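Numbered according to numbering that gives the first Met the number 0, the sequence shown spans residues 0 to 517.
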Amino acid sequence: MSDQQSPSHNQSLRQTEQVFKLLVDSVQDYAIFMLDPHGIVSTWNEGAERIKGYRASEIIGRHFSIFYPEEANARKHPDYELKMAISEGRYQEEGWRLRKDGSQLWANVTITPVYDGNTLIGFAKVTRDLTERRESEQREEVFRLLVSGVKDYAIFMLSPEGNVLTWNDGAERIQGYSAEEIIGKHFSVFYTREAQKRAHPQKELETATAAGRYEEEGWRLRKDGSLLWASVVITPIFVQEKLIGFAKVTRDLTQRLLSDQEREASAQILDDINNELRKALDVKSTFLSTISHEVRTPMSGIIGMTEMLAAEDLGEDNNFVVQNIFDMAKRLLQLLNNLLDSARMESGELTLEERQFPIRVVLGDVRQMVMKTANEKRIKLVGSCDSRTPEMVCGDEMKLRQVLLNLVHNAVKFTESGEVSLSAEVNHRGVNQLTMRFSVRDTGIGIKPEDREKLFKPFSQADDATKRVYGGSGLGLSISKQLVELMGGTMNFESEFGKGSHFWCDIPFTLKPGAANV
Numbered sequence: 000m001s002d003q004q005s006p007s008h009n010q011s012l013r014q015t016e017q018v019f020k021l022l023v024d025s026v027q028d029y030a031i032f033m034l035d036p037h038g039i040v041s042t043w044n045e046g047a048e049r050i051k052g053y054r055a056s057e058i059i060g061r062h063f064s065i066f067y068p069e070e071a072n073a074r075k076h077p078d079y080e081l082k083m084a085i086s087e088g089r090y091q092e093e094g095w096r097l098r099k100d101g102s103q104l105w106a107n108v109t110i111t112p113v114y115d116g117n118t119l120i121g122f123a124k125v126t127r128d129l130t131e132r133r134e135s136e137q138r139e140e141v142f143r144l145l146v147s148g149v150k151d152y153a154i155f156m157l158s159p160e161g162n163v164l165t166w167n168d169g170a171e172r173i174q175g176y177s178a179e180e181i182i183g184k185h186f187s188v189f190y191t192r193e194a195q196k197r198a199h200p201q202k203e204l205e206t207a208t209a210a211g212r213y214e215e216e217g218w219r220l221r222k223d224g225s226l227l228w229a230s231v232v233i234t235p236i237f238v239q240e241k242l243i244g245f246a247k248v249t250r251d252l253t254q255r256l257l258s259d260q261e262r263e264a265s266a267q268i269l270d271d272i273n274n275e276l277r278k279a280l281d282v283k284s285t286f287l288s289t290i291s292h293e294v295r296t297p298m299s300g301i302i303g304m305t306e307m308l309a310a311e312d313l314g315e316d317n318n319f320v321v322q323n324i325f326d327m328a329k330r331l332l333q334l335l336n337n338l339l340d341s342a343r344m345e346s347g348e349l350t351l352e353e354r355q356f357p358i359r360v361v362l363g364d365v366r367q368m369v370m371k372t373a374n375e376k377r378i379k380l381v382g383s384c385d386s387r388t389p390e391m392v393c394g395d396e397m398k399l400r401q402v403l404l405n406l407v408h409n410a411v412k413f414t415e416s417g418e419v420s421l422s423a424e425v426n427h428r429g430v431n432q433l434t435m436r437f438s439v440r441d442t443g444i445g446i447k448p449e450d451r452e453k454l455f456k457p458f459s460q461a462d463d464a465t466k467r468v469y470g471g472s473g474l475g476l477s478i479s480k481q482l483v484e485l486m487g488g489t490m491n492f493e494s495e496f497g498k499g500s501h502f503w504c505d506i507p508f509t510l511k512p513g514a515a516n517v
């Protein structure tokens, strides 16, 4: 073939160049460039450099698929565009494209095939950056969804995960939070604890996403903890089929729910209840003070005097009577202490009295106090203490004694043969703090699975038959668990009916500098 091109071919090239020049000269802010039939960039204008970020020397000779996201290249979208341009005579679309620095732009793209006679010699490609217009449209759409035609509503945006992104004046008035307090927090803060346990907030978002909208009426929480009856509408916001968040609209319908008469009646009832509660608390406080002084003091005297009598040789029958009086008086005092502690905890009056004390001494004293009962039942009572246990710890010694005595006393009471053990071990130790685990094991009657839930309830025992056979108020375990929690610890148990039980509690103590093991 001759290297000399025909006059008609040269004329065609000149016409193509004139068309291309006309495009470049008449259009501003556009990337305008030519591709060869295979999609290789062959020309490059200043608009293309500004929009795409590539200089002509960097891009000419490379395939135009470099402008497309990975997902588009995976499905061979650039090749599809060229095929459609050839098939239809022109291809136009809007979509995400890539700049040189990896950032994305929303582009309007037009591809036109260029022919020399019937021969395809390339493509003219025109790209316009519409990113700002698209972002503006998105903002307008969100704003329209949030505010159009709505008054006296809490209107705000949520992220796809449910975190608050925006906050309006109506939301602040209805919910009580300022924008600074709530933005960034999860919207479940507006729901009752019971609703949170049911994962209701998350289910609302899931339903809205699946159905396109979620609407309901229900109780919600204000910042001050008060309840409001709210109408809630949640709408998912999608961009290019991708969820970018939710629009949430809340209206306070509390006033509609309650008529004026009902509100007045409710307010009066609440006032009456509060007055009765205040009176009851005053009566309870007076009762506790009276019991503490008028009953506990003489009871302690009775115990002291009967203990002295028990030390005398009064004859077998008299010593037996005195010992029974002594045991019953101690049991009555323990019951009284449990009742008073229960009442104090209920009213928030029970406090911790922290001081240094030796744990080993407490363990020994508790075993000694129950030893007589264990010996009478021919039960082996054993104890152990972790060698890592410090000589002294700082905490509430009396409450620890009360807890351990209740647990060991229960274990002995419900064990007819075998062994009861009281042990202590270091569960965790830091620089100035350690956590001790106290364990009480027995080979007693055990606990039925159906009775486990009520075991720590006040005035409750496993069953009526147990109460008739073994007696007791049903306060010991309830008080013990509350005391352990007051000390910052936890209590739990394992039990097998007919084989025995294992109760344990983990309690933190502080350490004075230089505390050593013994």
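Don't be surprised by glycine CBs; every beta carbon is placed ideally from N, CA and C.
Remember, it's a predicted structure, so these values are computed and weren't measured experimentally.
Please report the straight-line C-alpha distance between residue i and residue j, rounded to a whole angstrom.
i              : j              : result
threonine 249  : aspartate 271  : 33 Å
isoleucine 120 : proline 36     : 6 Å
glycine 401    : proline 235    : Per the sequence presented here, residue 401 reads as glutamine, with glycine not at that position. Looking at the two C-alpha atoms, the distance is approximately 57 Å.
glutamate 446  : asparagine 273 : It should be noted that the sequence gives isoleucine, not glutamate, for residue 446. If I take the Cα positions, the gap works out to 40 Å.
glutamine 174  : glutamine 195  : 17 Å
glutamate 261  : proline 448    : 46 Å
alanine 229    : glutamine 239  : 32 Å
arginine 428   : serine 438     : 18 Å
asparagine 426 : tryptophan 503 : 12 Å
leucine 338    : valine 321     : 26 Å
valine 360     : lysine 456     : 30 Å
arginine 172   : glutamate 136  : 29 Å
alanine 246    : arginine 133   : 19 Å
serine 1       : aspartate 115  : Confidence in serine 1 is poor, its pLDDT being 46 and thus under 50, which makes the residue's placement unreliable; the coordinate value appears in the next sentence. When rounded, the distance between both Cα atoms is 18 Å.
glycine 244    : leucine 226    : 26 Å
lysine 241     : glycine 94     : 14 Å
isoleucine 59  : leucine 97     : 16 Å
Is it buried or exposed, residue i, if we count other Cβ atoms within 10 angstroms and call 16 or more buried?
i              : result
isoleucine 268 : exposed
asparagine 44  : buried
proline 68     : exposed
methionine 490 : buried
arginine 49    : exposed
arginine 467   : With a pLDDT of 42 at arginine 467, under the threshold of 50, the modelled position of that residue is not reliable, and no figure is offered here.
threonine 350  : exposed
glutamine 14   : exposed
glutamine 481  : buried
glutamate 92   : exposed
alanine 410    : buried
lysine 51      : buried
By Cβ distance, which residues of its chain are closer than 7 Å to residue i, with the 5 residues on each side in sequence left out?
i             : result
tyrosine 190  : His199, Pro200, Arg219, Leu220
threonine 130 : Leu104, Trp105
alanine 328   : Met298, Ile301, Ile302, Thr305
leucine 362   : Gly382, Cys384, Leu421, Ala423
What does a CB cutoff of less than 8 Å around residue i pick up in its chain, not counting 5 residues either side in sequence?
i              : result
glutamate 203  : Tyr213, Glu215, Val231, Ile233
glycine 148    : The predicted model places glycine 148 with a pLDDT of 42, which falls under 50 and marks its position as unreliable, so this point remains unresolved.
isoleucine 182 : Val163, Leu164, Thr165, Trp166
leucine 332    : Arg295, Met298, Ser299, Ile302
In this structure, does DSSP put residue i in helix, strand or coil?
i                 : result
threonine 296     : helix
phenylalanine 325 : helix
glycine 475       : helix
isoleucine 236    : strand
isoleucine 506    : strand
asparagine 336    : helix
arginine 277      : helix
glutamate 57      : helix
alanine 229       : strand
leucine 454       : coil
proline 518       : The requested residue 518 does not occur in the structure, where the chain is confined to residues 0 to 517.
lysine 498        : coil
alanine 106       : strand
glycine 217       : strand
serine 41         : coil
tyrosine 29       : coil
tyrosine 90       : strand
isoleucine 268    : helix
glutamate 311     : coil
Quick check: is the beta carbon of residue i nearer than 8 Å to any beta carbon in chain D?
i          : result
leucine 81 : Absent here is chain D; the protein component of the structure consists of one chain.
Can you list, in chain order, the residues of its chain whose CB lies under 6 Å from that of residue i, leaving out five sequence neighbours each side?
i           : result
glycine 499 : Asp441, Thr442, Gly443, Gly445
valine 125  : Tyr29, Ile31, Thr109
lysine 379  : Glu418
serine 64   : Asn72, Pro77
alanine 170 : Ala153, Phe155
alanine 309 : Val321, Gln322, Phe325
Can you tell me whether residue i sits near the ligand ADP, meaning its C-beta is under 7 Å from at least one heavy atom of the ligand?
i              : result
methionine 368 : By its list of ligands, the structure shown contains no ligand whatsoever, and the ligand ADP lies outside what it can speak to.
Quick one: which unbroken alpha helix (DSSP H) runs of 4-plus residues sit fully inside the segment 143-199? Chain order, please.
Within the segment 143-199, the complete alpha helix (DSSP H) runs of at least 4 residues are 168-174, 178-181, 192-196.
Unbroken alpha helix (DSSP H) runs of length 4 or more, entirely within the segment 344-432: which are they?
Listed in chain order, the complete alpha helix (DSSP H) runs (minimum 4 residues) inside the segment 344-432 are 358-375, 396-412.
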